[in-house]
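First the structure, in the form of structure tokens, and then the observations on it.
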Amino acid sequence: MLPNLVKRQSISKKMVYLSPVLAFILSLLAGVFLFIMMGVSPLAALHAFFVEPLSNGYNLSELGVKATPLILIGVALSLGFKAGVWNIGAEGQLTMGGLCGGAVALYFYDQEGMHIIPLMLMAGVLGGMAWAAIVAFLRVRFNANEILTSLMLSYVAGLFLNLMVHGPLKDPEGFNFPESRLFSDSALLPVLIEGTRLHIGAIMALVFVGIGWIILSRTLLGYQIKVAGSAPAASAHAGFSGARIIWITLLTGGAIAGLAGIIEVSGPIGQLLPNISPGYGFTAIIVAYVGRLHPVGSLFAGLLLALTYLGGETAQIQLNLPVAVTGVFQGLLLFFLLACDVLIHYRIQFGKPALAVEKS
2 MLPNLVKRQS ISKKMVYLSP VLAFILSLLA GVFLFIMMGV SPLAALHAFF
52 VEPLSNGYNL SELGVKATPL ILIGVALSLG FKAGVWNIGA EGQLTMGGLC
102 GGAVALYFYD QEGMHIIPLM LMAGVLGGMA WAAIVAFLRV RFNANEILTS
152 LMLSYVAGLF LNLMVHGPLK DPEGFNFPES RLFSDSALLP VLIEGTRLHI
202 GAIMALVFVG IGWIILSRTL LGYQIKVAGS APAASAHAGF SGARIIWITL
252 LTGGAIAGLA GIIEVSGPIG QLLPNISPGY GFTAIIVAYV GRLHPVGSLF
302 AGLLLALTYL GGETAQIQLN LPVAVTGVFQ GLLLFFLLAC DVLIHYRIQF
352 GKPALAVEKS
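Count along the sequence shown from 1, then add 1; that gives the number in the numbering used here.
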């Protein structure tokens, strides 16, 4: 007899919040089998992934550097997903934010002053927002699927960045390498801890976690976002503008993703390169879901996913594992999380569906 999924009458709120922990444990167990098949000691591999990156103060600071863009974008995507607006193009919005802010840094290359970084941050925000506005316009005006449009625009943004660093923004003294000049000191984010790369962007990420929590839990806009996502018909009946929610969530997501992009460019990178992100915009989707679409949850999920990035680099150096193992771990985490969510909302029943039994 084939199993069927039957919707549960009630959902366990405890399991909703425990499911990320269960998904992480299942991902570790799946990772053990993966490492065995690769001929690597599971204990050594897990130690490299999840213990070594936390072994000293410098590694912890690197965790903050990696987590900053993930937390920022995770918070932004949580607001949109909560409203049922599926912005999958944060990677492109991050890229455009980094490109626009980086262009400002290069424009003021020969100048000094405290005004440069605020202008860069503003340009990054506007760049990401403008890129997301294309998606919002197509959704509201033509009802185009925002999943497809935002995703495809990510690749357009990546190609546009590549064009710029091969052309107008290329370092004239860089021996024809596809990269911009190194930013001046006035265009680099201040470092929080001397001797590390942890920059002021980490504080911005914590601020946005607080802002996101206040919006969702203490404002009318947050209430409208939650109602629009959970009960669209009730939202329309209450007079909430669906188009307004789409514009607000997409522009907010684009703005924060663009901010994350310029923070990454003016923080740990310090110049424009053909690729300024290892996939933070896509990984932040996992951050949002592991964080249960809550800003505070995105904080902890961002730290966890940042740990997989650092662990992947450590395993690559110490155990000669391919860097793709990082993506496998992140994919396993999302897979098991979605599987847990299915079982939270449905139970497995063997035999014929109830409707078929009644007919027979």
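We treat Cβ as the ideally placed atom computed from N, Cα and C, and that holds for glycine.
* Quick one: what's got a C-beta closer than 6 Å to Y18's C-beta in the same chain, skipping five residues either side? -> On the sequence shown, residue 18 is found 17 positions in, with the first residue counted as 1. Cβ contact annotation for Y18 (same chain, cutoff 6 Å, sequence separation greater than five): none.
* **Distance, D111 Cα to L335 Cα** => As a first step, residue 335 must be located in the sequence shown, where it is residue number 334. As a first step, residue 111 must be located in the sequence shown, where it is residue number 110. The alpha-carbon of L335 is positioned some 46 Å away from that of D111.
* Is there contact here, the region 251–269 with the region 35–55, by at least three beta-carbon pairs under 8 Å? -> Touching, no.
* **Residues of its chain near G125, where Cβ-Cβ distance is below 7 Å and the 5 sequence neighbours each way are ignored** => Along the sequence shown, read from residue 1 onward, the residue named residue 125 stands at position 124. Within the same chain, G125 has close Cβ partners G98, G99, C101, G102, G259, L260, G262 and I263.
* With a cut-off of 8 Å on the beta carbons, I'd call S11 and L333 a contact; round off their distance for me. => Position 10 of the sequence shown holds residue 11. Position 332 of the sequence shown holds residue 333. About 29 Å separates the beta carbon of S11 from that of L333, a gap too long to meet the 8 Å contact definition.
* With 8 Å set as the bound, which would you pick, yes or no: does the beta-carbon of L222 sit closer than that to a beta-carbon of chain C? -> Among the chains in the structure shown there is no chain C, since it carries only a single protein chain.
* To do: Compute the distance between the beta-carbons of S181 and Q272, then report whether it is under 8 Å.
  => As a working note, residue 181 is residue 180 in the sequence shown. As a working note, residue 272 is residue 271 in the sequence shown. In this structure, S181 sits near Q272, with a CB-CB distance shorter than 8 Å.
* Quick one: what does DSSP say Q350 is sitting in, helix, strand or coil? -> Taking the sequence shown and counting its residues from 1, the one referred to as residue 350 is at position 349. Correct three-state label for Q350: strand.
* Asked: Given L320, which residues of its chain have a CB within under 7 Å of its CB, disregarding the five upstream and five downstream residues?
  -> Translated into the one-based positions of the sequence shown, residue 320 becomes position 319. For L320, where only same-chain residues beyond five positions count, the Cβ hits under 7 Å are V41, A45, A46 and A49.
* Using beta-carbon positions only, say whether P70 and L95 come within less than 8 Å of one another. => The sequence position of residue 70 within the sequence shown is 69, counting from 1. The sequence position of residue 95 within the sequence shown is 94, counting from 1. When the beta-carbon positions are compared, P70 and L95 come within less than 8 Å of each other.
* To do: Could you have a look at K360 and say whether DSSP puts it in helix, strand or coil?
  => Along the sequence shown, read from residue 1 onward, the residue named residue 360 stands at position 359. Residue placement at K360 is flagged as unreliable, the pLDDT there being 43, under the threshold of 50; a coordinate-derived value is accordingly withheld.
* Asked: Under the DSSP definition of a beta bridge, which residues are partnered with H167?
  -> Taking the sequence shown and counting its residues from 1, the one referred to as residue 167 is at position 166. Paired residue(s): none; H167 is not in a bridge.
* State yes or no: is the C-beta of L311 within less than 8 Å of the C-beta of N60? => Taking the first residue of the sequence shown as position 1, residue 311 is located at position 310. Taking the first residue of the sequence shown as position 1, residue 60 is located at position 59. In this structure, the beta-carbon distance from L311 to N60 falls below 8 Å.
* A24: which of G213, M39, G159 and A302 sits nearest, CA to CA? -> Residue numbering aside, residue 24 sits at position 23 when the sequence shown is read from its first letter. Of the residues G213, M39, G159 and A302, the one whose Cα lies closest to the Cα of A24 is A302.
* Beta-bridge partners of K1, as assigned by DSSP -> The structure shown does not extend to residue 1, since the chain is modelled only from 2 through 361, so no value can be given for it.
* To do: Output the boundary residues of the alpha helix (DSSP H) element that contains G90.
  => Mapped onto the sequence shown, residue 90 falls at position 89. Where G90 is concerned, there is no enclosing alpha helix (DSSP H), because DSSP gives it neither an H nor an E.
* Asked: In the structure shown, what three-state DSSP assignment does S236 receive?
  -> The residue labelled residue 236 in the question sits at position 235 within the sequence shown. Here DSSP, grouped into helix, strand and coil, assigns S236 to helix.
* To do: Identify the continuous alpha helix (DSSP H) that holds I72 and give its terminal residues.
  => Within the sequence shown, numbered from 1, the residue matching residue 72 stands at position 71. Counting along the chain, the alpha helix (DSSP H) containing I72 begins and ends at G58 to K83.
* Between the Cα of I201 and those of S231, F109 and S267, spot the shortest distance and give me the residue it belongs to. => Counting from 1 along the sequence shown, the entry for residue 201 is found at position 200. When each option's Cα is compared against that of I201, the closest is S267.
* C-alpha distance - E147 paired with E195, whole-angstrom precision -> For the purposes of this step, residue 147 is identified with residue 146 of the sequence shown, where counting begins at 1. For the purposes of this step, residue 195 is identified with residue 194 of the sequence shown, where counting begins at 1. Taking the CA atoms as reference points, E147 sits about 43 Å from E195.
* Exposure label - T315; buried when at least 16 CB within 10 Å -> If you number the sequence shown from 1, residue 315 lands on position 314. By the neighbour-count definition (other C-beta atoms within 10 Å, threshold 16), T315 is a buried residue.
* Beta-carbon separation of G93 and L154 under 8 Å? -> The count along the sequence shown starts at 1 and reaches residue 93 at position 92. The count along the sequence shown starts at 1 and reaches residue 154 at position 153. Cβ distance < 8 Å, so G93 and L154 count as in contact.
* **Secondary structure of V192, DSSP reduced to three states** => Here residue 192 corresponds to residue number 191 of the sequence shown, with the count starting at 1. Three-state DSSP puts V192 in a strand.
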